[in-house]
Amino acid sequence: MKLAISISGKTLDSPFDTRFGRASSFCIVDTESGEWQAFDNPAISASGGAGVQASQFVASQGAQAVVSGAFGPNAYDTLAAADIKMYIAPGDPAHSATEILEMFKAEKLTQIEAATHKGYHGENH
Amino acid sequence: MRIVVASGKGGTGKTTVATSLALIASERESVRLMDCDVEAPNARLFLNPSFDSHKEVGILIPQVDENLCNFCGKCAQICQFHAIAVIGKKILIFPELCHGCGSCTLVCPERAISERLEVMGVLSGGPAVHDIDFAQGMMKIGEPMAVPIIRELKKWAPVNQPTVEIRDAPPGASCPVVETMRGADFALLVTEPTPFGLHDLKQVVAIARQLGIPAGVVINRDGIGDDAVEMYCNENNLPILLRIPMERRIAEAIASGKLLVDAAPEYHSAFQNMFESITTEVYI
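Going down the list, the sequences are from chains A and B. When the letters of the first sequence are read in order and numbered with our numbering, they come out as residues 4 to 128. When the letters of the second sequence are read in order and numbered with our numbering, they come out as residues 2 to 285.
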C-alpha cells in the first residue's frame with residue numbers, strides 16, 4: 004500500500020515531522036516494494052485550511068494511509084472522506100522516515116478514529 | 002462626515018471618546034454612532050439605546066447540489082481558503098474556513114453551487130440619548146471573522162441619513178480595524194503616553210495613511226508614562242486634539258456608565274473644540 008509520512012526533508016533519513024497540515028514535506032512510500040518519493044507540502048504557507056489542502060494533496064498522490072503526529076478536525080474529515088487511514092506516531096524521541104516506516108510495518112503505530120485535537124478556527128476551537 | 006475612533010492598543014478610551022464626541026456633535030448635527038467592536042460592543046452602556054430593529058448577518062457560503070455536480074474539483078482549486086474539498090465523489094464544505102468570496106459559485110461549470118447565508122452575528126439599532134441613532138454589531142460566540150459583520154453594519158442603512166457618523170473601532174490593527182476605518186473622512190486616534198500606546202498608535206497611523214485618511218490624536222491618561230507619544234505626534238504632523246489627564250473621578254464615572262462630558266462638564270468645550278477642528282480638517 005502507499006503510505007504518506009510527514010517529514011522535514013526530502014529523503015528517507017529525514018526526520019519525522021509531527022505536524023500534518025504544516026509539515027514541511029511528505030514522503031510517499033510503497034510499503035511492499037519500498038519505492039518512495041518526497042514532495043513539498045503545498046499547504047505549508049496556506050493562510051488557512053492547511054489541513055484540508057494537505058489532505059487533498061496526499062489523496063491526490065494515491066496514499067491509502069498517512070502517519071503524522073496529530074490530525075485536526077478538518078484534516079480528519081477530508082482524509083476520512085478519501086478513505087485514507089490515519090496513524091499517529093510520537094515526535095519524541097526523534098525518528099527518521101525509515102524508522103516510522105518500520106514501526107508502521109511492525110504495527111506499532113496507533114490508528115485514530117477521531118481528530119486528535121480541536122481546530123484553530125470557529126466552532127471547533 | 003464619517004469619523005472613526007481607533008487606537009491600536011485596547012483600553013485606551015476609544016469608547017469614552019466616541020460616546021462623548023457623539024453627544025457633543027448631536028447638539029448641532031444628526032448623529033449616528035456605530036459600535037464596530039463586534040466582538041465586545043460596549044458603547045450602548047453609555048448611550049442607552051432602545052433597540053427597535055435587528056438583522057442577522059454573515060457571509061454567503063456554498064452548498065452543492067450533488068445531482069448536478071460532476072466532481073471536476075474546480076471549486077476546490079479556486080478556493081484560496083481551502084473551504085471546499087472534492088475527494089472522489091465526495092464534496093466537503095468547511096463553513097468556518099469560508100470567507101464568502103463566491104469564487105466557487107462563479108467557477109462551477111455545472112451551476113451546481115448555490116449560496117446560503119451563514120449567520121455570524123446580529124446588527125441592532127435604535128434611538129439613544131439626545132436622539133443619537135445608535136447601531137452595533139454583535140458577533141456570535143465562536144465565530145472567527147469579524148470583518149463580514151462590520152461590513153454589513155457599515156452598509157446597514159439608517160432610517161434618516163445622519164450628517165455625522167461616528168464609528169467606534171475594535172482594538173488592534175488587523176482586518177477588523179482596517180474595515181472599520183475604510184471609507185472614513187477622519188481618524189481620531191486615542192492613545193496613552195506609554196511605550197505600548199505609542200507602539201500601537203504607529204500601527205493605526207500607518208493604516209490611516211495607507212487609506213488616505215487624515216488623523217488626529219487624543220492622549221488619554223495624560224501625565225503617566227513618558228513624552229514619546231507627544232514627540233512622535235510632533236515629528237509626524239499629527240495634531241493632538243485633546244488631552245484627558247489621569248484622574249480617579251473620571252475612571253470611577255466611566256466605570257459606572259457615565260459619559261465623560263456628563264461626569265466632567267469642563268470637557269464639554271474641549272470636545273466642542275475638537276469636533277470643530279475635525280470638521281475644519283474634513284471640509285477645508
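Virtual Cβ for every residue (Gly too), placed ideally from N, Cα, C.
Legend entry - Bridge partners - I241 (chain B), DSSP secondary structure assignment: B:V218
Inset, instruction - State the DSSP-derived secondary structure class of S9 (chain A), mapped to helix, strand or coil. - result: The answer is strand: DSSP assigns S9 (chain A) an E or B state.
Inset, instruction - Reducing DSSP to helix, strand and coil, say where P1 (chain B) ends up. - result: Here chain B comprises residues numbered 2 to 285, so residue 1 (chain B) is not present and cannot be evaluated.
Legend entry - S54 (chain B) burial status per 10 Å Cβ neighbour count (16 or more: buried): Counting the other Cβ atoms within 10 Å of the Cβ of S54 (chain B) gives fewer than 16, which makes it exposed.
Legend entry - Test item: CB-CB of A264 (chain B) and A254 (chain B) under 8 Å: yes
Inset, instruction - For L261 (chain B), decide whether its Cβ has a neighbour in chain A, counting only Cβ atoms nearer than 8 Å. - result: no
Inset, instruction - Could you check the C-alpha separation between H128 (chain A) and K121 (chain A) for me, to the nearest Å? - result: At H128 (chain A), the pLDDT of 41 sits below 50, so the modelled position is not reliable and the matter cannot be decided from this model.
Inset, instruction - Report the neighbours of T119 (chain A) on chain B: residues whose CB is nearer than 7 Å to its CB, in chain order. - result: Going along chain B, no residue has its Cβ under 7 Å from T119 (chain A), so there is no contact; the nearest lies around 18 Å.
Inset, instruction - Run the CB neighbour count on Q137 (chain B), radius 10 Å, all protein chains shown included, and call it buried at 16 or more, exposed below. - result: Per the 10 Å Cβ criterion, buried.
Inset, instruction - Run down chain C in chain order and give the residues with a C-beta less than 7 Å from the C-beta of D80 (chain A). - result: The chain labelled as chain C is not found among the protein chains of the depicted structure, namely A and B.
Inset, instruction - Decide if L124 (chain B) is buried, meaning its Cβ has at least 16 other Cβ atoms within 10 Å, or exposed. - result: buried
Inset, instruction - Give the straight-line distance between the Cα atoms of D36 (chain B) and R168 (chain B), rounded to the nearest whole angstrom. - result: Straight-line Cα distance between these residues: approximately 6 Å.
Legend entry - Runs of alpha helix (DSSP H) lying entirely within the stretch 73-151 of chain B, each at least 4 residues, in chain order: Segments of the alpha helix (DSSP H) lying fully in the stretch 73-151 of chain B: 75-79 and 104-108.
Inset, instruction - Spatial neighbours of S31 (chain B) within its chain, please: CB distance less than 6 Å, with the 5 preceding and 5 following residues excluded, ordered by chain position. - result: P163 and T164
Inset, instruction - Starting from the beta carbon of H55 (chain B), find every residue of chain A whose beta carbon is closer than 7 Å, and list them in chain order. - result: Result: empty, since nearest Cβ-Cβ is about 22 Å, beyond 7 Å.
Legend entry - Close beta carbons around V55 (chain A), own chain, < 6 Å, minus the five adjacent residues each side: N77 and T81
Legend entry - chain B within 8 Å of G12 (chain A), Cβ atoms only: no
Inset, instruction - Could you tell me whether any Cβ in chain B is nearer than 8 Å to the Cβ of Q59 (chain A)? - result: yes
Inset, instruction - Take every Cβ of the stretch 8-28 of chain B, pair it with every Cβ of the stretch 180-191 of chain B, and state whether three or more of those distances are shorter than 8 Å. - result: yes
Legend entry - Collapsed DSSP secondary structure at V39 (chain B) in the structure displayed: coil
Inset, instruction - In angstroms with no decimal places, state the Cα-to-Cα distance between L6 (chain A) and I92 (chain B). - result: The C-alpha of L6 (chain A) lies about 23 Å from the C-alpha of I92 (chain B).
Inset, instruction - With 8 Å as the threshold, decide whether the Cβ of A77 (chain B) is near any Cβ in chain A. - result: yes
Inset, instruction - Anything in the stretch 72-101 of chain A with a Cβ closer than 7 Å to a Cβ of chain B? List those residues in chain order, please. - result: N77, D80, T81, A84 and A85
Legend entry - Through-space distance from V5 (chain B) to A185 (chain B), alpha-carbon basis: Straight-line measurement puts the Cα of V5 (chain B) at about 6 Å from the Cα of A185 (chain B).
Legend entry - Exposed unless 16 or more other CB atoms sit within 10 angstroms - verdict on E166 (chain B): buried
Inset, instruction - Using only alpha-carbon positions, find the residue among B:I88, B:L61 and B:F197 that is nearest to G65 (chain A). - result: B:I88
Inset, instruction - Go ahead and label R112 (chain B) buried or exposed: buried means 16 or more other beta carbons lie within 10 angstroms of its beta carbon, across all protein chains shown. - result: Burial call: exposed.
Inset, instruction - Check the Cβ-Cβ distances between L98 (chain B) and every residue of chain A, and say whether any is below 8 Å. - result: yes
Legend entry - Contiguous alpha helix (DSSP H) assignments of at least 4 residues, all confined to the stretch 47-105 of chain A: Counting only runs of 4 or more, we get 53-63 and 76-84.
Inset, instruction - Could you tell me how far apart the beta carbons of Q1 (chain B) and R117 (chain B) are, in whole angstroms, since I believe they sit closer than 8 Å? - result: Nothing can be reported for residue 1 (chain B), as the shown portion of chain B is limited to 2 through 285.
Legend entry - Residue-level contact to chain A via CB, F72 (chain B), 8 Å cutoff: no
Inset, instruction - Tell whether a beta-carbon distance below 8 Å holds between H131 (chain B) and S27 (chain B). - result: yes
Inset, instruction - Just confirm the distance between the C-beta atoms of D75 (chain A) and A92 (chain A), as a whole number of angstroms; I'd bet it's less than 8 Å. - result: Looking at the sequence shown, residue 75 (chain A) is not Asp but Gly. So it is not a contact: roughly 16 Å between Cβ atoms.
Legend entry - Minimum Cβ-Cβ distance from Q56 (chain A) to chain B less than 8 Å: yes
Inset, instruction - Output yes or no for whether 8 Å exceeds the beta carbon distance between L15 (chain A) and A83 (chain A). - result: Contact flag unset, no.
Legend entry - Spatially closest choice to S52 (chain B) from B:G126, B:F95 and B:F276, by CA coordinates: Per the sequence presented here, residue 52 (chain B) reads as Phe, with Ser not at that position. Ranking the options by Cα distance to F52 (chain B), first place goes to B:G126.
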